[in-house]
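Below is one structure, written out as structure tokens; the observations come after it.
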Amino acid sequence: MMLVELKNISMNYGKGANTVHALRNVHFRMEKGDFLAVTGKSGSGKSTLLNILGGICKPTKGEYIFGNRNMKELTNNQFSEFRNKKIGFVVQHFALIQDMTAFQNIALPLKYRGCHRDEIKKTVKDLAEKLEISDKITDSPSKLSGGQCQRVAIARAIAGKPELLLADEPTGSLDEETGRKILDIFKKLNHDGMTVLIVTHDLEIASACKRKVFMKDGILKES
Amino acid sequence: MKRLLFDFSQSYRILTRHKFITSILMVQCALCLLIIGNVSGKIFESNKRVEFVKENITGKQYYNFYEGLNDSEYFRLMSDDSIGYQELTDYVQRLLNEEEFTYVSIMSQPVSVIKTDIPEGCLYGYESGDAGNASVTLPDGQKALSAKSYQVSANFFDEFKIELDSGTLFDEADYEYTAGKEIPVILGSAYRDSFSVGDTFKAEYMYQIIPFKVKGILREDTAFSYGEEIEFCDRYIIFPQFDLQPDHPTSFNKMRLLQSAGGFAVAKKSYKEIADIVNSIINETGATGVGLMPSEDAQENDLGQFDAMSGDVSRQFSILLAILSVFVILSISAAVNGFIRESHYEFGVFLLNGAEIWDIAWSVAGVVACVVLTGNLVASLLIVMSSHHNSILYMQVIMLIIVVLSCIAPLFHVARLNISDLIGGKE
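In order, the protein sequence lines correspond to chains U and Y.
In this text, residue positions in the first sequence follow our numbering: the first is 201, and each later residue adds one.
In this text, residue positions in the second sequence follow our numbering: the first is 363, and each later residue adds one.
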């Protein structure tokens, strides 16, 4: 069942002679339950692809279909709701708020969804158990290890039960062993039915994914 | 609502993260609002006085009358023969009855009040710094304080649209003097805390101890003018210029008669026309030592100048107010923009997790509002303590303007937040 479809997507930055073509006529589909790795060198357009898929920016040209909805029709507030309900983000440097506890960080999307306090408490507790960080829930990110921080970030990303989990170099700041454990979490999430897209340089991670695409100079190729 | 509260909790986090800067901003805001409050109060007062002049005085011509008997004329009048008393009485009566102009008799003379706690500003000589000499000992040994007073004819109140805060104006019977009877008085607003309507007191007036009874208290800022300058009545005791007593030439009545010869005429005629009428009255009655003030430009009052001066003061205050407001707005905008820059990453995380730009905007507006409201609270308390209550209302209006304008630049900044660099960065 199709979840994401990009039709002839192009993305340009700058004007005139300084125009950067970050994406060129990208065609791309993801089915529900896909586990996809996007690889490619720096500057190849991976992050731009992630930004478009995550509803952070709109493409210069082309159509982005999510589920049955054409994303072109969405207003800024609808994009916010889309990010809140349909997408989970995990980034290399965790993107945690340092003066919030792990609990508060995980609860963030639920707060913006207007969930009841008891529901937030239960969801965060369940996720903390699932990701083995129950004992760290009241700590601030500065007291957590890199692996623990990334677990908190993953917990936050999946707290709102998104349909698509986007991960940008999720193991990039972690040692090999911790990285492997984090990869196992993604595998498990995908096994449980979540659609996952990982942008990575790491070939080991890419090979662990069910499907791989390669990007070069803004052009996407299936491998 | 829940979401809005969450947004404001983010404002609190931003504030606590920048305790020092926000404290400085709050103090600065409090000081500026304190000055703004006082300045706006002054502008209001100034405008009120200009309005008063425009509504009640501008356009009218005022001509002053003098009483200037020389020594021999004075002694002859005060002698048992009362030489000139009848002529002078006829003269004043003719002025009061004249149809070509309205003659208002007004005389300022101190009365020695036998009460020691009247407000300092009401003492005779206060404006010239001589209030210390206002304490007098009466011939019977009683201590009294010389207080400023006006004795006015009945048309004074109509002419200047004088209104009371409490009590009633003088009625016809109040202008009839009977020895020993209580004289009704209307007190300026400065007496509010010392006397109430119905209170009585004794005072020496023209060498007699006379009982006075408070009949009314004037509204604050009650004023009048008959050409030269604005006279505020707040610190004055006002009592009636009694009817003339042509058949009873007592010393008291003679002195009152002399007072009645001083005053002014309100007319739409030229100085020359008025002077001709007055000279004719003098010739017909045979009165001496009295008349219209001789100045050719007596009819040119300075109220236009006062109007312009008040307007100028008001403009200067307005400029000061604008400068202070802009200073506060710029300081807050600059500091809050700094906070936004510093929180760029954090706001990005919020947006990634479903926050709308409005959530960020509310958080930022919450910071601005908290700084300004705290400053406002402190400034308001200080103003309440200094009893300038009116200024608080103006300050709230300015405060709201400051909050709104201080939010513009930060919200513009928020609207342009770009979080695409949170994931990778531009290719």
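Glycine included, C-beta positions come from ideal geometry on N, C-alpha and C.
Have a look at residue i and residue j and give me their C-alpha separation to the nearest angstrom.
| i | j | result |
| --- | --- | --- |
| Asn426/Y | Tyr588/Y | 8 Å |
| Arg317/U | Leu310/U | 9 Å |
| Ala509/Y | Ser768/Y | 51 Å |
| Phe689/Y | Arg269/U | 49 Å |
| Asp443/Y | Glu525/Y | 43 Å |
| Gln278/U | Ala237/U | 27 Å |
| Arg335/Y | Ala777/Y | The structure shown does not extend to residue 335/Y, since chain Y is modelled only from 363 through 789, so no value can be given for it. |
| Ile445/Y | Glu582/Y | 44 Å |
| Ile600/Y | Ser632/Y | 30 Å |
| Asn212/U | Asp392/U | 37 Å |
| Asp234/U | Asp369/Y | 35 Å |
| Ala295/U | Gly700/Y | 20 Å |
| Ile287/U | Asn251/U | 11 Å |
| Lys416/U | Gly710/Y | 27 Å |
| Glu662/Y | Asp638/Y | Bear in mind that the predicted position of Glu662/Y carries a pLDDT of just 44, short of 50, making it unreliable; the figure below should be weighed with that in mind. Their backbone Cα atoms lie some 18 Å apart in a straight line. |
| Leu549/Y | Phe614/Y | 23 Å |
| Gln390/Y | Arg379/Y | 19 Å |
For residue i, count neighbouring C-beta atoms within 10 Å of its own C-beta (all shown protein chains included) and say buried if the count is 16 or more, exposed if not.
| i | result |
| --- | --- |
| Gly625/Y | buried |
| Lys616/Y | buried |
| Arg229/U | exposed |
| Pro501/Y | exposed |
| Glu538/Y | exposed |
| Arg283/U | buried |
| His610/Y | exposed |
| Asn305/U | buried |
| Leu420/U | buried |
| Arg811/Y | No answer is possible for residue 811/Y: it lies beyond the span of chain Y, which begins at 363 and ends at 789. |
| Gly648/Y | exposed |
| Thr584/Y | buried |
Could you check what DSSP says for residue i in three-state terms: helix, strand or coil?
| i | result |
| --- | --- |
| Ile398/Y | helix |
| Leu431/Y | coil |
| Pro370/U | coil |
| Gln348/U | helix |
| Thr378/U | helix |
| Asn276/U | helix |
| Asp527/Y | strand |
| Ser210/U | strand |
| Ala565/Y | strand |
| Pro573/Y | strand |
| Val204/U | strand |
| Gln304/U | helix |
| Glu422/U | strand |
| Asn225/U | strand |
| Asp263/U | Sequence check: residue 263/U is Glu here, not Asp. Of the three classes helix, strand and coil, the one that applies to Glu263/U here is strand, per DSSP. |
| Tyr707/Y | helix |
| Val514/Y | strand |
| Pro611/Y | coil |
Would you say residue i reaches chain Y, if we count a Cβ-Cβ gap shorter than 7 Å as a contact?
| i | result |
| --- | --- |
| Cys257/U | yes |
| Asp339/U | no |
| Leu310/U | no |
| Ala217/U | no |
| Asp318/U | no |
| Ile382/U | no |
| Ala295/U | yes |
| Phe266/U | no |
| Gly262/U | no |
| Asn277/U | yes |
Which residue or residues does DSSP assign as beta-bridge partners of residue i?
| i | result |
| --- | --- |
| Val238/U | Val399/U and Val413/U |
| Glu593/Y | Phe586/Y |
| Gly288/U | Leu365/U |
| Val220/U | Tyr213/U |
| Gly625/Y | Phe427/Y and Ser467/Y |
| Thr499/Y | Lys505/Y |
| Ser474/Y | Ser508/Y and Glu566/Y |
| Leu485/Y | Ala509/Y |
| Met440/Y | Paired residues: none, contrary to the question. |
Mind checking if residue i is an interface residue toward chain U, Cβ cutoff 7 Å exclusive?
| i | result |
| --- | --- |
| Gly403/Y | no |
| Ala723/Y | no |
| Leu735/Y | no |
| Ala585/Y | no |
| Leu714/Y | yes |
| Ile785/Y | yes |
| Arg703/Y | no |
| Val711/Y | yes |
Flag residue i as yes when its Cβ comes closer than 6 Å to any non-hydrogen atom of the ligand PLP, and as no otherwise.
| i | result |
| --- | --- |
| Phe382/Y | This structure does not include the ligand PLP; it has no bound ligands of any sort. |
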